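Take the sequence shown: its position 89, counted from the start at 1, is 88 in numbering that gives the first Met the number 0, and no numbers get skipped. See below for the structure under consideration.
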Amino acid sequence: MKNKVDMVNGPLLKNIIRFSVPVILTGILQLLFNACDMVVVGSYAGSNALAAVGSTTSLTNLFVNTFMGLSIGANVITAYSLGAKEEKRTEKIVHTAVTISVLCGVLLAIIGVIGCEWCLEAMGSPEEVLHLSVLYMRIYFLGLPAMMLYNFCAAILRAQGKTIQPLIFLSIAGVVNVVLNLLLVVKFQMSVAGVAIGTIASQVVSAILIVMYLMKVDGPCRLKLKKLGIDKNVLGNIFRIGIPAGINSMVFSFANIQIQSAINMFGASAMAGSTAAASLEGFVYTSMNAIHQAAINFTGQNVGAAKEERVPKILKTCILCVSAVGIVLGAFVYGFGEDLLSLYTDSGEDIRYGMIRLKLVVIPYLVCGQMEVILGVIRGLGYSIMPTIVSLIGACGLRILWIATIFKMMPSLEMLFITYPISWLITTVAHFICYTIVTKKG
Numbered sequence: 000m001k002n003k004v005d006m007v008n009g010p011l012l013k014n015i016i017r018f019s020v021p022v023i024l025t026g027i028l029q030l031l032f033n034a035c036d037m038v039v040v041g042s043y044a045g046s047n048a049l050a051a052v053g054s055t056t057s058l059t060n061l062f063v064n065t066f067m068g069l070s071i072g073a074n075v076i077t078a079y080s081l082g083a084k085e086e087k088r089t090e091k092i093v094h095t096a097v098t099i100s101v102l103c104g105v106l107l108a109i110i111g112v113i114g115c116e117w118c119l120e121a122m123g124s125p126e127e128v129l130h131l132s133v134l135y136m137r138i139y140f141l142g143l144p145a146m147m148l149y150n151f152c153a154a155i156l157r158a159q160g161k162t163i164q165p166l167i168f169l170s171i172a173g174v175v176n177v178v179l180n181l182l183l184v185v186k187f188q189m190s191v192a193g194v195a196i197g198t199i200a201s202q203v204v205s206a207i208l209i210v211m212y213l214m215k216v217d218g219p220c221r222l223k224l225k226k227l228g229i230d231k232n233v234l235g236n237i238f239r240i241g242i243p244a245g246i247n248s249m250v251f252s253f254a255n256i257q258i259q260s261a262i263n264m265f266g267a268s269a270m271a272g273s274t275a276a277a278s279l280e281g282f283v284y285t286s287m288n289a290i291h292q293a294a295i296n297f298t299g300q301n302v303g304a305a306k307e308e309r310v311p312k313i314l315k316t317c318i319l320c321v322s323a324v325g326i327v328l329g330a331f332v333y334g335f336g337e338d339l340l341s342l343y344t345d346s347g348e349d350i351r352y353g354m355i356r357l358k359l360v361v362i363p364y365l366v367c368g369q370m371e372v373i374l375g376v377i378r379g380l381g382y383s384i385m386p387t388i389v390s391l392i393g394a395c396g397l398r399i400l401w402i403a404t405i406f407k408m409m410p411s412l413e414m415l416f417i418t419y420p421i422s423w424l425i426t427t428v429a430h431f432i433c434y435t436i437v438t439k440k441g
């Protein structure tokens, strides 16, 4: 449990792989449990219940990711402080981050419970799934304080190079989730409410486990409850990086809400098929996102240790890794797409819609991974506003403009989903230009 990856010494490829593999496994495991949610609710509660759960994803991401950006800020400054061996500052960062995670979680829970019905109606959720979606979201949002606490603590562990521990904690929590799903949905016929209860129970378990671990770990990252509080200087640095990252995620989520609203126009079957396909996409994305996390943390620690000359090598190595992951997993998911989609639904119409999404989103997914790696390196260098502006214009703005113009003229799912790879490619090029400017400036 004490093993950690050395980010400032040794071969980069080997250490990046050592860092990333547990993160990939953690993400895949988490998605497997989430997929179990979908499979159970789709198999035992019907297509409407599956559509109801899936149609809330973009909306919950809008709320959650806005605040989750702050965990990126905590991640970056923790990595930088550890690289610089500033133990007292690291201690302040840990306790400030844990405190604001709980506060943000409580605020999010209140906002979500009160505002979810209005938001779902504004998205045009069909009447037959609206009441199920509202019920699911209100229960789900009650678990957000635990979710936020876990994610901030996990960011602290990643900054240390510790990625195995979250895998262990989520494995335990995931088992709790699956058992409760089977019990509440299959045995007690609680439909979406059973899935939501299982989810928040697993979040509470994972939060308790990771907090207990941080309370026992040696070094400056040890959590002491009596020292919880907010250091204004640390908070300012977290906000400097985290708020632009949160705005970036928020606007991405807003753009995806526009896409989900457009999907809703095609009916419950298209919603169910897209939901199942999006769940499969998640396995590819979360694997590539692990390399994004490596890019942030390796860059942050090396900058903190005054080893900026390693940053270009970090970027090249991460690009190589994320491209390999995107190509292999993208080909696998699309190649076995119909079989995989059939795990979620037995409706041929649902599967047909799901394959449309997989073809246009999963195959070119490596471009999204490259975009995120470059973004991660820029954030690791301490820049957050510039990449946020690029993402807002290059990805989010383009998607919204596409829906309002081209999709409106030619309303089909193909014309809707093609906006993903187009926006990724444009934003990747723009981020690389930003990286070149930042490194020459430095």
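Just so you know, even glycine gets a beta-carbon here, dropped at the ideal spot from N, CA and C. Fair warning: this is a prediction, and the values are worked out from it, not measured in the lab.
Considering residue i, what are the terminal residues of the alpha helix (DSSP H) in which it resides?
| i | result |
| --- | --- |
| I290 | A267 to G303 |
| M408 | I405 to M408 |
| P10 | Segment: none, P10 is in no alpha helix (DSSP H) and carries neither H nor E. |
| P363 | P363 -> no alpha helix (DSSP H), and no H or E assigned at all. |
| A206 | S190 to K215 |
| Y139 | E126 to F140 |
| M223 | Residue identity differs from the one stated: residue 223 is Lys in this sequence, not Met. Careful: K223 lies outside any alpha helix (DSSP H) and carries neither H nor E. |
| D338 | G336 to L340 |
| M442 | Residue 442 is absent from the model: the chain starts at 0 and stops at 441. |
| V184 | It is not in any alpha helix (DSSP H) - V184 carries neither H nor E in the DSSP assignment. |
| Y149 | L143 to Q159 |
| L380 | Counting along the chain, L380 falls outside any alpha helix (DSSP H), and DSSP gives it neither H nor E. |
| M67 | T56 to G82 |
| E413 | L412 to F416 |
| C115 | E86 to A121 |
| K306 | Looking at the DSSP string, K306 is not in any alpha helix (DSSP H), and its letter there is neither H nor E. |
| G249 | A quick correction: the sequence has Met, not Gly, at residue 249. K231 to N263 is the span of the alpha helix (DSSP H), which, as asked, contains M249. |
If you check the beta carbons only, do residue i and residue j fall under 9 angstroms apart?
| i | j | result |
| --- | --- | --- |
| I350 | A267 | no |
| S286 | G353 | no |
| G72 | I242 | yes |
| R134 | A195 | According to the sequence displayed, residue 134 carries Leu and not Arg. Against a cut-off of 9 angstroms, the Cβ pair of A195 and L134 comes out as a contact. |
| S201 | F32 | yes |
| A305 | A50 | no |
| S205 | S132 | no |
| N296 | A48 | no |
| V203 | V97 | no |
| M370 | A403 | no |
| I76 | G299 | yes |
| L340 | L279 | yes |
| T198 | D338 | no |
| V105 | P165 | no |
| R157 | N74 | yes |
| N288 | V4 | no |
| N247 | T387 | yes |
| D230 | K91 | yes |
Between the C-alpha atoms of residue i and residue j, what's the straight-line distance to the nearest angstrom?
| i | j | result |
| --- | --- | --- |
| F282 | G26 | 8 angstroms |
| P363 | D217 | 43 angstroms |
| L319 | L182 | 43 angstroms |
| R221 | F187 | 42 angstroms |
| V112 | I167 | 31 angstroms |
| L107 | G375 | 25 angstroms |
| F62 | T95 | 21 angstroms |
| Y434 | L12 | 21 angstroms |
| S346 | V39 | 15 angstroms |
| G379 | F238 | 15 angstroms |
| K1 | L169 | Any answer about K1 is weak, because its pLDDT of 49 lies below 50 and its placement is not dependable; what the coordinates show is given next. Distance between the alpha carbons of K1 and L169: 18 angstroms. |
| I290 | G228 | 32 angstroms |
| G381 | R137 | 36 angstroms |
| S245 | I384 | The residue you asked about is not Ser; residue 245 is Gly in the sequence shown. Those two C-alpha atoms are separated by around 11 angstroms. |
| M408 | A154 | 44 angstroms |
| P10 | I313 | 10 angstroms |
| A261 | G193 | 28 angstroms |
| T89 | I436 | 30 angstroms |
| I109 | A269 | 31 angstroms |
| T344 | I432 | 43 angstroms |
| M414 | Q257 | 14 angstroms |
| V310 | A294 | 9 angstroms |
| V174 | L412 | 36 angstroms |
Rounded to the nearest angstrom, how far is the Cβ of residue i from that of residue j, given a contact under 8 angstroms?
| i | j | result |
| --- | --- | --- |
| P420 | V361 | Actually they do not touch by this definition, with Cβ atoms about 10 angstroms apart. |
| M122 | L58 | 7 angstroms |
| R398 | T418 | 5 angstroms |
| H430 | I355 | Contact doesn't hold; Cβ gap of about 28 angstroms is too wide. |
| M147 | F66 | 7 angstroms |
| G303 | L69 | That belief does not hold up - the Cβ atoms of G303 and L69 are roughly 19 angstroms apart, past 8 angstroms. |
Within the 9 angstroms Cβ cut-off, does residue i reach chain D?
| i | result |
| --- | --- |
| G303 | Here chain D cannot be found, since the structure has a single protein chain. |
Taking 8 angstroms as the cut-off, is the beta-carbon of residue i closer than that to any non-hydrogen atom of the ligand ZN?
| i | result |
| --- | --- |
| V366 | You won't find the ligand ZN in this model; it holds no ligand whatsoever. |
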